[in-house]
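Asker: Pasting in a structure now, in structure tokens, and then I'll have a few things to ask.
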Amino acid sequence: MTGVILAIVLCLSVAVKAEFPDDPKPCKYGDGDCIVKLVNTMFEERSSVADPSLNLKQLDPLKVETMTISQGEDKSPVAINLKFTNNLLYGIKGLRFTKVKGFDKDLTAVHEIKGVTKVFSMVGPYTINGKVLILPISGTGQSNITLANMKAIIRFSGKAVEKNGDTYLDVDDLKLSIKPETIHFHFGNLFNGDKALGDNMNVFLNENSEAIYKETAPAVEKAFGNKFMEIVKDVFSAHPYAKLFAQENLLKVFYVINFDGALNGVLFAAKGISISASIMELPLALVLLSGCALGYAHGHALQLPSGVQRCELMDDSCLLKGVEFVLKNYAKSGVKELGLIPLDPLHINKFQIGRNPHSPVNIDLSFRDVDLLGLGDAIPKRVGGFTLNLGRSIELVMEVPELAVKGPYSVDGRVLILPIVGKGNAKIILKKSRIHAVINFKPVSKGEHQTFAEVVDVKVDVSPSHVTYHLEGLFNGQKELSDNMHALINENWQEIFNELKPGIGEAFGLITKAVLSKVFGKYPLEQLFIVSN
């Protein structure tokens, strides 16, 4: 029974560690089939050893230090006080999950897990006092309780708790159901070692095991539920919820735009972002915002700077000119009316990139107070796809002659085959980058002529023609090692960038969605565009 509980803990925590196991890979939000497959593989292959990175002890056998089952009062057929001390639980390795529900982005929703196992045995010291059906029972010694062909269901929910910019799950409600097909009891040294009484009691317990378990099930499930709560609370208190899932367990970016022009710390996460492109993506989101909202918003209570033209909804040429106008005239100053901060340079307070053990580029990298330069020279090539019913994807294509990232960094990990460590100032140059973004909206009506655009999905591709890295302070200033590393990463810039490219698009999608949701959730399409009746 404890095995079922810890099985569920493992299910929820296998993806917690920053260095997720190479095989199996972590799962996406709500992907029940993936979670079932992943955890079953973990049990089969890794339950016999401890894994400190998951905050889990060795699972098979699992040491149960103390557990007490208090059941019934004098009027109950089974009224016992049963305590286990330093027991071992065998059989978790054979546990198999069959179905998982929940585990999506709404961490406060109810999560449900179903599992089955052939044999669970808990062995070790016990003490017992009370009565079973009509017979008194007492003893202290060694016990063996085996459950065969057991089914388990657990449902739990919790609340979101913010700590240091991260969101954690605090489990505060849990329901556990355990249904074995058969149970076998053996309690040694019952009745102070009286063999005849002890043997008769063990026979009686096993002949009536179904009735006894039915009577004690609430107390059993409560005891193991409490044990589970202790373990799962420890896991979730140590790791942010987002790190449980594939798309959010490798990168943290601690910035988002505040619409009065400031940069505030907000968490978003995504897989394997490269050093340069991850910095580039926030301003691209803002360019989207500035061109596809600010560039044609006018009147209707929106007070915008002179020169900004409001466009027909499906006039792609006008929209393209709007993006170009904003980049040329407002990249350096920003537009406070819609919360567009200065883009060139764009100041980013902090972001972090975590290790990706699946990649040849496996690093912990962090930046603080860095500037991104060059967006003012971006050249938009295409903007289009808007319709009033938002039935088409919105597309943005732009080219940037040169982007430069400058500021303090720290790094630790491996690049290709070599270790890398350092701290100092970084300068990263992206030459002739082509950026292609596709945004999907859905309409949300809030009244007549009040059609708002809800951002559903964003995909992006970033393709520079060349990337140059310069990282001061590598290897504590050892010039020879630093020179060799710079030669490696710059000679292999394309391979490094391509290895991390999928995560670039995913990260940009999350940033863009957050930024666009602020504006398109505030102003209806009828106010941002000229809409024909």
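Take the sequence shown: its letters are residues -18 to -1, 1 to 515, numbered as in mature numbering (1 follows the signal peptide of the UniProt record, and there is no 0). Ideal placement from N, C-alpha and C gives every residue a C-beta, glycine not left out.
Could you say which of L89, I410 and D33 lies nearest to G12 if we only look at CA atoms?
Answerer: L89
Asker: Where does P342 sit, in a helix, a strand or coil, going by DSSP?
Answerer: coil
Asker: Do the CB positions of I410 and M467 come within less than 8 angstroms of each other?
Answerer: Going by C-beta atoms, I410 is not nearer than 8 angstroms to M467.
Asker: Could you name the residues of the same chain whose beta carbon sits closer than 7 angstroms to that of N22, not counting the 5 residues immediately before and after it, in chain order?
Answerer: R78 and F79
Asker: If contacts are defined as beta-carbon pairs under 8 angstroms, then V101 and N126 qualify, I think. What distance do you get, rounded to the angstrom?
Answerer: At roughly 12 angstroms, the Cβ-Cβ gap does not stay under 8 angstroms, so V101 and N126 are not in contact.
Asker: Put F167 into one of helix, strand or coil per three-state DSSP.
Answerer: Of the three classes helix, strand and coil, the one that applies to F167 here is strand, per DSSP.
Asker: Can you list, in chain order, the residues of its chain whose CB lies under 6 angstroms from that of L309, leaving out five sequence neighbours each side?
Answerer: A360
Asker: Using the Cβ count rule (16 or more neighbours within 10 Å means buried), how would you classify G373?
Answerer: exposed
Asker: For I345, which residues in the same chain have their Cβ closer than 6 angstroms to its Cβ, ignoring the five residues on either side in sequence?
Answerer: V393 and G395
Asker: Among residues of its own chain, excluding the 5 on either side of K75, which ones have a beta-carbon nearer than 7 angstroms to its beta-carbon?
Answerer: F25, E26, S29, S30 and D42
Asker: By DSSP, does residue 532 sit in helix, in strand, or in coil?
Answerer: Shown here, the chain extends from -18 to 515; a query on residue 532 therefore has no answer.
Asker: Where G483 and S315 are concerned, what is the direct C-alpha to C-alpha distance, given to the nearest angstrom?
Answerer: A small correction: the amino acid at residue 483 is Lys; Gly does not occupy that position in the sequence shown. The straight-line gap from Cα to Cα measures roughly 31 angstroms.
Asker: Please tell me whether Y223 and L129 are closer than 8 angstroms, where the distance is taken between their beta carbons.
Answerer: no
Asker: Go to P390, then tell me how far its alpha helix (DSSP H) extends in each direction, as first and last residue.
Answerer: For P390, no alpha helix (DSSP H) encloses it; the enclosing beta strand (DSSP E) starts and ends at I376 to V397.
Asker: Residues bridged to R416 by DSSP?
Answerer: E381 and S445, per the DSSP bridge assignment.
Asker: What three-state label does DSSP hand Q53 in the structure shown?
Answerer: strand
Asker: Could you check what DSSP says for H468 in three-state terms: helix, strand or coil?
Answerer: Per DSSP, reduced to three states, the secondary structure at H468 is helical.
Asker: Determine, using beta carbons only, whether P362 and L302 come nearer to each other than 8 angstroms.
Answerer: yes
Asker: Check whether the stretch 56 to 69 touches the stretch 195 to 202, counting contact only when three or more Cβ pairs, one atom from each stretch, lie closer than 8 angstroms.
Answerer: yes
Asker: Using only alpha-carbon positions, find the residue among E381, V442 and T450 that is nearest to I471.
Answerer: T450
Asker: Would you identify the three-state DSSP class for R292, choosing helix, strand or coil?
Answerer: coil
Asker: Closest to D297 by CA distance: which of G367, D351 and L354 is it?
Answerer: G367
Asker: Start and end of the beta strand (DSSP E) containing A130?
Answerer: L117 to K145
Asker: When DSSP labels each residue in this structure, what does N458 get in the three-state scheme?
Answerer: Assignment of N458 by DSSP, reduced to helix, strand and coil, places it in the helix class.
Asker: Quick check on N338: buried or exposed, where buried means 16 or more other Cβ atoms within 10 Å of its Cβ?
Answerer: By the Cβ-count criterion, N338 is buried, with 16 or more other Cβ atoms from all chains shown falling within 10 Å of its own Cβ.
Asker: Starting from Y72 and walking both ways along the beta strand (DSSP E), at which residues does that stretch end?
Answerer: V60 to Y72
Asker: What residue range does the beta strand (DSSP E) around P362 cover?
Answerer: I361 to G366
Asker: Taking DSSP as the reference, what is the three-state secondary structure of K495?
Answerer: Here K495 sits in helix by DSSP.
Asker: Looking only at C-alpha atoms, which of L453, T164 and G170 sits nearest to K133?
Answerer: T164
Asker: Where does G503 land, buried or exposed, given buried means 16+ other C-beta within 10 angstroms?
Answerer: The C-beta of G503 has fewer than 16 other C-beta atoms within 10 Å across all chains shown, which makes the residue exposed.
Asker: Looking only at C-alpha atoms, which of A142, V387, I110 and E94 sits nearest to K413?
Answerer: V387
Asker: For F66 and D15, I'd like the C-alpha separation in whole angstroms.
Answerer: 36 angstroms
Asker: The alpha helix (DSSP H) spanning N311 covers which residue range?
Answerer: In the DSSP assignment, N311 falls within the alpha helix (DSSP H) that extends over D298 to Y312.
Asker: Looking only at DSSP bridge pairs, what is P162 linked to?
Answerer: M132
Asker: Going by CA-CA distance only, name the one from H221, E430 and I512 that's closest to C293.
Answerer: I512
Asker: Does DSSP put L266 in a helix, in a strand, or in coil?
Answerer: Residue placement at L266 is poorly supported in this model, since its pLDDT is 39, which falls under 50; the coordinates still yield a value, given next. Looking at L266 - three-state DSSP - the assignment turns out to be helix.
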